[in-house]
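A.B. asks: Below is a structure I'd like to ask you about.
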Amino acid sequence: MNADETAKAIKDMEIRGAGRIARAAAEALSDTASKDHKNIEAMKKEIIRSKDVLTASRPTAVSLYNAVQYTLKGFDDCKSVKEAKELLIKNSKEFVTLSNEAVKKIGIMGSRRIKDNSVILTHCNSSAALQCIKQAHRDGKKIKVYATESRPWRQGILTVNELAKEGIDVTMIIDSAVRTVMKKIDIVLVGADTITSNGSVVNKIGTSQVALAANEARVPFVVCSETYKISPQSMYGDMVTIEERNNDEIVKKNEISENVKIFNPVFDSTPPKYIDGIITEIGIINPGSVYEIMIKQFGTTEFR
Ligand code: RI2
4 MNADETAKAI KDMEIRGAGR IARAAAEALS DTASKDHKNI EAMKKEIIRS
54 KDVLTASRPT AVSLYNAVQY TLKGFDDCKS VKEAKELLIK NSKEFVTLSN
104 EAVKKIGIMG SRRIKDNSVI LTHCNSSAAL QCIKQAHRDG KKIKVYATES
154 RPWRQGILTV NELAKEGIDV TMIIDSAVRT VMKKIDIVLV GADTITSNGS
204 VVNKIGTSQV ALAANEARVP FVVCSETYKI SPQSMYGDMV TIEERNNDEI
254 VKKNEISENV KIFNPVFDST PPKYIDGIIT EIGIINPGSV YEIMIKQFGT
304 TEFR
C-alpha cells in the first residue's frame, strides 16, 4: 500500500491499533522509497510528503510518529537514491520486526503476571494486552475475561471475537458495567497509544474510568505497551493531542435535535498514580521509570 492509501486506511480505522498503524506507516515509507526517483532531491521531497501525510492521519498515538522517525533515521545524510532506498527499506523492516517481537515478549511477561484461575478485565482492542491474555491461555492457565464494548467505535467486538476464537472464556459488557463487574476482577490489562514522560497513559476513551474503578476495588491496573509508545516530545512540554472523531460515530443523523452539541474525544489520559505497572518488551516497569527508559531508548535531543 502506498503512503496516501495507508494514511486514508488509518484515518478510516481500516488499519487501527497503535502498534498496527505504526507498522503500516513504516511499510508505507518503505513503499515510497522503493519507487523510481529521478534524483535524491526528488526522492527527499516525496519522502517528506509521505511522512507528512502519514503522521497527519491520526494525531494521538505517538507510535505512528516514532515509527516514521525510526524509518527515516540517517535519511538526511544520504547522498544517492540507491543509498537512501536501501536505508529506508532496511529501517522499515527492522521496525516492523522489532515491533512484532516486542508484542510477543510483552505476551510472555504478561502471562507470568496472570495467575491460574484469574478473571481479567480488558478495555478496547489492544494487541499487546490480548497477547498477554492469549499467552496465559496457551500456557495452560484457566482464565476468564470481561471485555468492554468500547463505545463509540465498538472495538470490544474485535476483542471478544479474537479471544473466543482462541477458546478463551470471554464475556462482553457495556462500558458502564465496569464498576459492577470490578469486584470479580483479579487484574485489569489495557494497551496504550501514548505514554508521557511522567508515566501517564493515553489510551482509548474510558480507560481512566476503568483505572479509577480498579483503584477503588484494589484491583491491579496494568498497561501493556511497546516502548515506542513513549512520547519523547512530552518531556519537552508538548501536550498529547486527543483525537476527536465525527459525531456520526455516536448518533445517527436526525436521531437528535439539531441544536444538541456532540463531543467525541476518543482517548483519555490515566495518571501514573492509578497504574500498577507497564509491561514493555524490556521488562515490567513502574510509571515513575518512564523518563529513564525514554532517555535510554530515544536519547535526549534526537527526537526534537
Ligand atoms: P495496540 C487503540 O486505538 C486502542 O486505544 C488500544 O488500546 C491501543 O490502540 C493500543 O493498541 P484505536 O486505533 O497497539 O482503536 O496494543 O483508536 O494494538
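Going by our numbering, the sequence shown opens with residue 4, and the numbers climb by one from there.
Heads up, the beta-carbon is just placed ideally off N, CA and C, and yes, glycines get one too.
Computed from a predicted model, the values in this text were never measured in an experiment.
Helix, strand or coil for Ile302? Go by DSSP, reduced to three states.
C.D. replies: For the purposes of this step, residue 302 is identified with residue 299 of the sequence shown, where counting begins at 1. The question names Ile, but residue 302 in the sequence shown is Gly. Note: Gly302 maps to coil in three-state DSSP.
A.B. asks: Evaluate the contact criterion for the segment 202-222 versus the segment 123-143: three or more CB pairs, one atom per stretch, below 8 Å.
C.D. replies: Touching, yes.
A.B. asks: Quick check on Pro268: buried or exposed, where buried means 16 or more other Cβ atoms within 10 Å of its Cβ?
C.D. replies: Along the sequence shown, read from residue 1 onward, the residue named residue 268 stands at position 265. Looking at its Cβ environment, which holds fewer than 16 other Cβ atoms inside 10 Å, Pro268 is exposed.
A.B. asks: Would you decide whether Ser83 is buried or exposed? Buried here means 16 or more other CB atoms lie within 10 Å of its CB.
C.D. replies: The residue labelled residue 83 in the question sits at position 80 within the sequence shown. Exposed.
A.B. asks: Flag Gly22 as yes when its Cβ comes closer than 7 Å to any non-hydrogen atom of ligand 1, and as no otherwise.
C.D. replies: As a working mapping, residue 22 is identified with position 19 in the sequence shown. Yes.
A.B. asks: Residues bridged to Ser121 by DSSP?
C.D. replies: Looking up residue 121 in the sequence shown gives position 118. Answer is Ile146.
A.B. asks: Is Gly113 near ligand 1, with its Cβ less than 7 Å from a heavy atom?
C.D. replies: Along the sequence shown, one-based indexing puts residue 113 at 110. Because no heavy atom of ligand 1 lies under 7 Å away, the Cβ of Gly113 does not count as near it: no.
A.B. asks: Does DSSP classify Pro155 as helix, strand or coil?
C.D. replies: As a first step, residue 155 is located in the sequence shown; it is residue number 152 there, counting from the start. If DSSP states are grouped into helix, strand and coil, Pro155 belongs with coil.
A.B. asks: With DSSP run on the structure shown, which of helix, strand or coil describes Thr199?
C.D. replies: Here residue 199 is taken as the residue at index 196 of the sequence shown, counted from 1. Three-state DSSP puts Thr199 in coil, outside helix and strand.
A.B. asks: For Val56 and Val191, I'd like the C-alpha separation in whole angstroms.
C.D. replies: Within the sequence shown, residue 56 is the residue found at index 53, counting from 1. Within the sequence shown, residue 191 is the residue found at index 188, counting from 1. Val56 and Val191: Cα-Cα distance of roughly 35 Å.
A.B. asks: Quick check on Ser272: does DSSP put it in helix, strand or coil?
C.D. replies: As a working mapping, residue 272 is identified with position 269 in the sequence shown. The answer is strand: DSSP assigns Ser272 an E or B state.
A.B. asks: Any heavy atom of ligand 1 closer than 7 Å to the CB of Gln212?
C.D. replies: As a first step, residue 212 is located in the sequence shown; it is residue number 209 there, counting from the start. Not under cutoff, so the answer is no.
A.B. asks: Mark Lys88 as exposed unless 16 or more other C-beta atoms lie within 10 angstroms of its C-beta, in which case mark it buried.
C.D. replies: By 1-based counting over the sequence shown, the position of residue 88 is 85. Under this definition Lys88 is a buried residue.
A.B. asks: Would you check whether ligand 1 has a heavy atom nearer than 7 Å to the C-beta of Gly110?
C.D. replies: The residue labelled residue 110 in the question sits at position 107 within the sequence shown. No.
A.B. asks: Going by C-alpha distance, which of Ser95, Asn289, Glu246, Gly302 is nearest Ala59?
C.D. replies: Counted from its first residue, the sequence shown places residue 59 at position 56. Measuring from the Cα of Ala59, the nearest candidate turns out to be Glu246.
A.B. asks: Is the number of C-beta pairs between the segment 106-122 and the segment 280-290 that are closer than 8 Å three or more?
C.D. replies: The answer is yes - the segment 280-290 touches the segment 106-122, with three or more Cβ pairs under 8 Å.
A.B. asks: Report the three-state DSSP secondary structure of Glu165 (helix, strand or coil).
C.D. replies: By one-based count along the sequence shown, residue 165 stands at place 162. Glu165 falls in the helix class under three-state DSSP.
A.B. asks: Within its chain, find whatever has a CB closer than 8 Å to the CB of Lys144; leave out the 5 residues flanking it on each side and keep chain order.
C.D. replies: Sequence index remark: in the sequence shown, residue 144 carries index 141 (1-based). The residues are Ser114, Ile117, Lys118, Asp119, Asn120, Ser121.
A.B. asks: Taking the Cβ atom as the reference point for each residue, do Ala36 and Ile50 lie within a distance shorter than 8 Å?
C.D. replies: Within the sequence shown, the letter at position 33 stands for residue 36. Within the sequence shown, the letter at position 47 stands for residue 50. Their beta carbons are under 8 Å apart, which means Ala36 touches Ile50 by this criterion.
A.B. asks: Could you spell out where the alpha helix (DSSP H) holding Phe98 opens and where it closes?
C.D. replies: On the sequence shown, position 95 is the one that residue 98 refers to. Segment 84-115, the alpha helix (DSSP H) holding Phe98.
A.B. asks: Which whole-angstrom value describes the C-beta separation of Leu133 and Leu101, a residue pair presumed to lie in contact below a C-beta threshold of 8 Å?
C.D. replies: Position 130 of the sequence shown, counted from the first residue, corresponds to residue 133. Position 98 of the sequence shown, counted from the first residue, corresponds to residue 101. The pair is not a contact, with the Cβ atoms about 19 Å apart (cut-off 8 Å).
A.B. asks: Tell me whether the beta-carbon of Thr63 lies closer than 8 Å to the beta-carbon of Phe270.
C.D. replies: On the sequence shown, position 60 is the one that residue 63 refers to. On the sequence shown, position 267 is the one that residue 270 refers to. Going by C-beta atoms, Thr63 is nearer than 8 Å to Phe270.
A.B. asks: Under 7 Å from any heavy atom of ligand 1, does the C-beta of Ala12 make it?
C.D. replies: Stepping through the sequence shown from its first residue, residue 12 is reached at position 9. Incorrect: Ala12 has no Cβ contact closer than 7 Å to ligand 1.
A.B. asks: Between the C-alpha atoms of Ile278 and Ile265, what's the straight-line distance to the nearest angstrom?
C.D. replies: Residue numbering aside, residue 278 sits at position 275 when the sequence shown is read from its first letter. Residue numbering aside, residue 265 sits at position 262 when the sequence shown is read from its first letter. Cα to Cα, the separation comes out at about 30 Å.
A.B. asks: I want to check one thing, is the minimum distance from the CB of Val191 to the heavy atoms of ligand 1 below 7 Å?
C.D. replies: Counting from one through the sequence shown, the residue named residue 191 turns up at place 188. Answer for Val191: no, Cβ out of range of ligand 1.
A.B. asks: Flag this pair as yes or no: are the beta carbons of Ile160 and Val148 separated by less than 8 Å?
C.D. replies: For the purposes of this step, residue 160 is identified with residue 157 of the sequence shown, where counting begins at 1. For the purposes of this step, residue 148 is identified with residue 145 of the sequence shown, where counting begins at 1. The answer is no: Cβ separation not under 8 Å.
A.B. asks: Quick check: does the Cβ of Arg19 come within less than 7 Å of any heavy atom belonging to ligand 1?
C.D. replies: Your numbering for residue 19 matches position 16 in the sequence shown. Arg19: yes, Cβ under 7 Å from ligand 1.
A.B. asks: I want to check one thing, is the minimum distance from the CB of Lys207 to the heavy atoms of ligand 1 below 7 Å?
C.D. replies: The sequence position of residue 207 within the sequence shown is 204, counting from 1. Checking every heavy atom of ligand 1 against the Cβ of Lys207, one is found closer than 7 Å.
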